[in-house]
Every structure is written in C-alpha cells, then in structure tokens.
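Visitor: Dropping a structure here in structure tokens format, bear with me for questions.
Residue numbers (our numbering): 130 to 641.
Printed below as a string of structure tokens:
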C-alpha cells in the first residue's frame, strides 16, 4: 500500500471515529436535557402517576440548557457530515451498530418528556377535546377550558387561541392517545410520542430494506435519518406529527415502481400507493406534494393515475367527511402567516430600515410572492433535478416539489424538513446533502427552546439575533444554492446502483 493510500485510510478512519463521537455526544446531551425536566428546552406539565414520561426536575439554568442544545445541534451536524464523507471515501461501519444506536436513542426519548416544543402538549389537548365531545377544528383550547375541559387549562400560551389545522387522521391519533392517557396530560404526550417513534422506526427499516443492495447508499441513509440527532430531536424527542405523515407518504412513494419494458401496468400497486399517500395528506396537508410527485411518475399510464387518485380519495374524502367542514376551513386560515426566521426578512427588515416590519408585521403580498417562487422553483426542479432513482420513479419528482416548498414557503419549522430528508436518503449523494444538513442545523438551533425568555433579556437578545439574522441568512443562502444547482445543473451527483435491486428499464414505463 502506498503512503498516499495509507494516509487516506487513516483520514477515513479518523472521520469514522469523529462521526461516532459527535453523534454519541450530541444524543447524550439531548437526552440529558430531557431527563433534567422542565426548563427552557422542556415545557413543564403536571404529572402524578408512575407511568412515563419520566424526569428528575434538575432545574437547570436557562442559559446552560439553551447553549447545551445549540452545541448539541452543531456537534450533530459535524458528526453526520463526517460520517457522510467517510462513507463516500469507502468506510463501511456495521449497519447493525447504527440501527442499535438509533433504536436505543429513540426508546430513551419515548419515555422522556417532550422537548424543544409545546406542540405535543397542544396535540394532547386537542385529543382530549375529542374525548369530551368537542372538536379542535371548532373550539380553541381557551374555549374548551371555559366549557369545562380541565386539561385545556394547561394549554401553552402559543396555542390557547388556535384551532387545529392538522388533518383528521392526525386528530384521530390524538384522540386515541387521549383515550389511553386518561386525565394525565403528560401520559397523553407519552402515547403521542410512542406512535411517532414507531413511525420513525418504520422509516428506518424501510430505508434499510430498500437500499440493502447498495452498502454505501444504505449507510448514507442511516446517517441522514436513523442516527441523525437533529432528525431524532425534531421528530421523536419533540413528538411532532410530521414523523407519522412522512412514514405513510414515503411508503406510498416506495410502492410506485417501474415495470419491465413491454409489461402492462397493474393497478393494485398504485391503488395502495394512493391510499398510503392519502393517509399522509389526511395527517398533514403539505404531503399532497407527494401525491403530485406520484402522479408525475405515472403520467404515461392514465389507468395508473386513476387508480392512484382513487386510493388517495378513498382515504382523504371519508376522513374529512367525518371531521366535517370546519376541518377543511382551517386549512386556509394560516395561509398568510410567516415564521420569524423566514428567508425573506433579510430583504425587508435589515437593521430596522423597514420600520414596523417584523415577526408580526410583514410586507403586503409577501405570501403571494413566496407562492409564485415556490411554484416556479418546484417546476424548475421537477425538470432539472436528474432522476437517479430509476427503480422508484416517484421519489425524484416528490423530492423536487418538496424542495421547492421547504426552501421558499415563508412559514417553516425545522421538523418540516423531514419530508425532504426521508426522500434525500433514497437519492444518490450530491451537494443537496450538505445544503439540507446545514439548513436543518440552523433551523433546529432557532427552535431549541420550548418556553419564552421574557425574564432573561440578554439571552432573549442572543436568541432573537440568531433567528432573525443568522438562521434567516442561512435559509436565504441555501435557497440561493438550490436555485444555482437548478439553473446550472451542477448537483455534484455521484453514481449509485439502483436501490431496489431492479435493473433500470431501457424505456421507463410506469407500473402501479
């Protein structure tokens, strides 16, 4: 072996150990903050039973918690990045070890309180409303509390006057969790997190199964998803419903396959794909982009498209019919909202020059402008993103459309990114890996806290500066990089074998 090869092997080995150390340290730090109980990163809630979730009420200082979580996010990104480079250079750590780390971390977070958000408490209260005969699409937690809902009195301030804008299947999951959790808000959140953890594990096993024929792609997928502390934090530790939706949506896209040349497509497969994607849409409406991606993949077969649509409608229509018209109405009530770290504010509020514009005041027509950019970039990506997943024709178009929404819609949270990360895990390595990883890291940092910082003005200023300037600028740069790749065609793609073990057909013919 030459000196150069020895140095390369040594560097690769160093990258593997760096990845292992960083991912482990990040996960342990996140678990420790969750174990420590109520803080700026873990919302307080009453809990008197001996059942999970469990915590120790260590009363850690807010600055310690916040900076520890910020550090954990950065270390996580470094670890995943080092792992991706090591795999690209030929490292092949044992998949079973990665799966073990993933499942152990997920199991730990399931029995700990929700962290990094108050959304899970909101889900629990919405589910309890259904148990009591109310509708979260009609009554806000404030109204439910006035009607005698004891749990609704514990609603986080952020959600007291908000109706649920999640789909009927999400509400059904919340209702089941409330039935199982009884009168304990904490125990309801445990059940909510358990379902999301199962969905996270299902995606992990699905990626492992689909990519089993390509060791490099298989390891890359586990780095991006299964052992990525940022993804685990945003989905399992926080209990966000997006984890449930992406499991159904990804399963639907994986079901769509190409048939060998000359073979007539069969319809049951596309019917099943439509039903699975329909379940994702009935959990969270933006996953309709997955349905559009599947339609694009099957566009040469009208029968397949019809079967896909039938499966989707068979799930979506009855679920919304049961939930009623209010469930449809709320879908359009948050259309004009923007998040305080959106990329567009870099243009309209630099150093106060935009006057009153801020988190609650935005320029007129901002959402319209964002909608135009989202549609334009989605269409551009649909035609410019190379299709390098030949056995799974719906993955690339769904990824293209989802990238357009994630990068350009002005209302975003870091846990929304899982809809592109799960798809990216099936796509060959490219510069998109790094753009998405950096974007997720800074987005996660912005939303690490779960409670307000009103009594810590200096810390609040640091946190506001980070979100308003650093994360928004990173979002803008990532969007610019995405535009550049679409226009120039420089995706930095690396060849990879088809993940399904199916030889790419000479003429792409859709199969249901």
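Note that CB positions come from ideal geometry on N, CA and C, so glycine has one too.
Examine the Cβ distances between the segment 506–518 and the segment 408–415 and report whether three or more of them are shorter than 8 Å.
Guide: Touching, no.
Visitor: Provide the residue span of the alpha helix (DSSP H) that contains residue 399, from first to last.
Guide: Its alpha helix (DSSP H) spans residues 397–412.
Visitor: In angstroms, rounded to a whole number, what distance separates the CA positions of residue 640 and residue 364?
Guide: Model confidence at residue 640 stands at a pLDDT of 37, short of 50, so the residue's coordinates are unreliable and nothing is read from them.
Visitor: Can you tell which of 579, 567, 613, 554 has the C-alpha that lies nearest to the C-alpha of residue 339?
Guide: When only C-alpha atoms are compared, the closest one is 554.
Visitor: Do residue 602 and residue 472 come within 9 Å of each other at the CB atom, strictly closer than that value?
Guide: In this structure, residue 602 lies closer than 9 Å to residue 472 by Cβ.
Visitor: Looking at the structure shown, is residue 142 part of a helix, part of a strand, or coil, going by DSSP?
Guide: Residue 142: helix per DSSP, three-state reduction.
Visitor: Take the Cβ of residue 257 as the centre, count every other Cβ of all protein chains shown within 10 Å, and call the residue buried at 16 or more, exposed below.
Guide: Per the 10 Å Cβ criterion, buried.
Visitor: Give the range of the alpha helix (DSSP H) segment to which residue 227 is assigned.
Guide: Counting along the chain, the alpha helix (DSSP H) containing residue 227 begins and ends at 224–239.
Visitor: Would you identify the three-state DSSP class for residue 428, choosing helix, strand or coil?
Guide: Note: residue 428 maps to coil in three-state DSSP.
Visitor: When DSSP labels each residue in this structure, what does residue 500 get in the three-state scheme?
Guide: If DSSP states are grouped into helix, strand and coil, residue 500 belongs with the helices.
Visitor: For the alpha helix (DSSP H) that residue 516 lies in, which residues bound it at each end?
Guide: Counting along the chain, residue 516 falls outside any alpha helix (DSSP H), and DSSP gives it neither H nor E.
Visitor: Which runs of the alpha helix (DSSP H), 4 residues or longer, sit entirely within the segment 540–588?
Guide: Whole alpha helix (DSSP H) segments, 4+ residues: 547–553, 560–575.
Visitor: In three-state terms, what does DSSP make of residue 296?
Guide: Residue 296 falls in the coil class under three-state DSSP.
Visitor: I believe residue 387 touches residue 522 by the beta-carbon criterion, under 8 Å. Please report the beta-carbon distance rounded to the nearest angstrom.
Guide: Correct: roughly 6 Å between the Cβ atoms.
Visitor: Under three-state DSSP, which class holds residue 341?
Guide: Coil.
Visitor: Please confirm whether residue 241 and residue 366 have their CB atoms less than 9 Å apart.
Guide: Yes.
Visitor: For the segment 431–471, which segments carrying the alpha helix (DSSP H) assignment without a break, of at least 4 residues, lie completely within its bounds, in sequence order?
Guide: Qualifying alpha helix (DSSP H) stretches, in chain order: 431–452, 454–458.
Visitor: Using a Cβ-Cβ cutoff of less than 6 Å, which residues in the same chain neighbour residue 683 once the five nearest sequence positions on both sides are dropped?
Guide: Since the first residue shown for the chain is 130 and the last is 641, residue 683 is missing from the structure and cannot be characterised.
Visitor: Find out if the Cβ-Cβ distance for the pair residue 334, residue 209 is shorter than 9 Å.
Guide: Cβ atoms of residue 334 and residue 209: not closer than 9 Å.
Visitor: Using a Cβ-Cβ cut-off of 6 Å (strictly less than) and excluding sequence neighbours within five positions of residue 331, which residues of its own chain qualify?
Guide: Cβ neighbours of residue 331 beyond the five flanking positions: 376.
Visitor: Do the segment 546–561 and the segment 435–448 make contact, defined as three or more Cβ pairs closer than 8 Å?
Guide: Counting Cβ pairs under 8 Å, fewer than three are found: no touch.
Visitor: DSSP three-state label for residue 218, please.
Guide: If DSSP states are grouped into helix, strand and coil, residue 218 belongs with coil.
Visitor: Can you tell me which of 249, 288, 291 puts its alpha carbon nearest to the alpha carbon of residue 303?
Guide: Comparing Cα-Cα distances from residue 303 to each of 249, 288, 291, the minimum goes to 249.
Visitor: Which residue marks the beginning of the alpha helix (DSSP H) containing residue 623, and which one marks its end?
Guide: Premise fails: residue 623 is in no alpha helix (DSSP H) and is neither H nor E.
Visitor: How long is the line joining the alpha carbons of residue 309 and residue 612, rounded to whole angstroms?
Guide: If I take the Cα positions, the gap works out to 47 Å.
Visitor: On the CB-based measure, 16 or more other CB atoms within 10 Å of its CB, does residue 77 come out buried or exposed?
Guide: A question about residue 77 goes unanswered here, because the residues of the chain that appear run from 130 up to 641.
Visitor: Taking the CB atoms as reference points, tell me whether residue 378 and residue 405 lie closer together than 9 Å.
Guide: Yes; because the gap between Cβ atoms is below 9 Å, this pair is in contact.
Visitor: Leaving aside the five residues before and after residue 580 along the sequence, list all residues of the same chain whose C-beta is less than 7 Å from its C-beta, in chain order.
Guide: So the qualifying residues of the chain are 169, 172.
Visitor: Return yes when the Cβ of residue 358 is within less than 9 Å of the Cβ of residue 201, no when it is not.
Guide: In contact: residue 201 and residue 358 (Cβ atoms closer than 9 Å).
Visitor: Under 6 Å Cβ to Cβ from residue 574, same chain only, skipping five residues before and after it: list those, please.
Guide: Excluding positions up to five away in sequence, the list reads 199, 202.
Visitor: Taking the alpha-carbon positions, what's the residue 336 to residue 424 distance?
Guide: Rounded to the nearest angstrom, the two C-alpha atoms are 22 Å apart.
Visitor: So, helix, strand or coil for residue 349, using DSSP?
Guide: Helix, per DSSP.
Visitor: Report the residue ranges of all alpha helix (DSSP H) runs contained in full by the segment 155–181; include only those spanning at least 4 residues, in chain order.
Guide: Those alpha helix (DSSP H) runs which fall completely within the segment 155–181 and span 4+ residues do not exist here.
Visitor: Check whether the segment 448–461 touches the segment 585–602, counting contact only when three or more Cβ pairs, one atom from each stretch, lie closer than 8 Å.
Guide: Verdict: no, contact absent.
Visitor: Does the Cβ-Cβ distance between residue 316 and residue 178 come in under 9 Å?
Guide: Yes, they are a contact pair.
Visitor: For residue 373, which of helix, strand or coil comes out of DSSP?
Guide: Three-state result, residue 373: helix.
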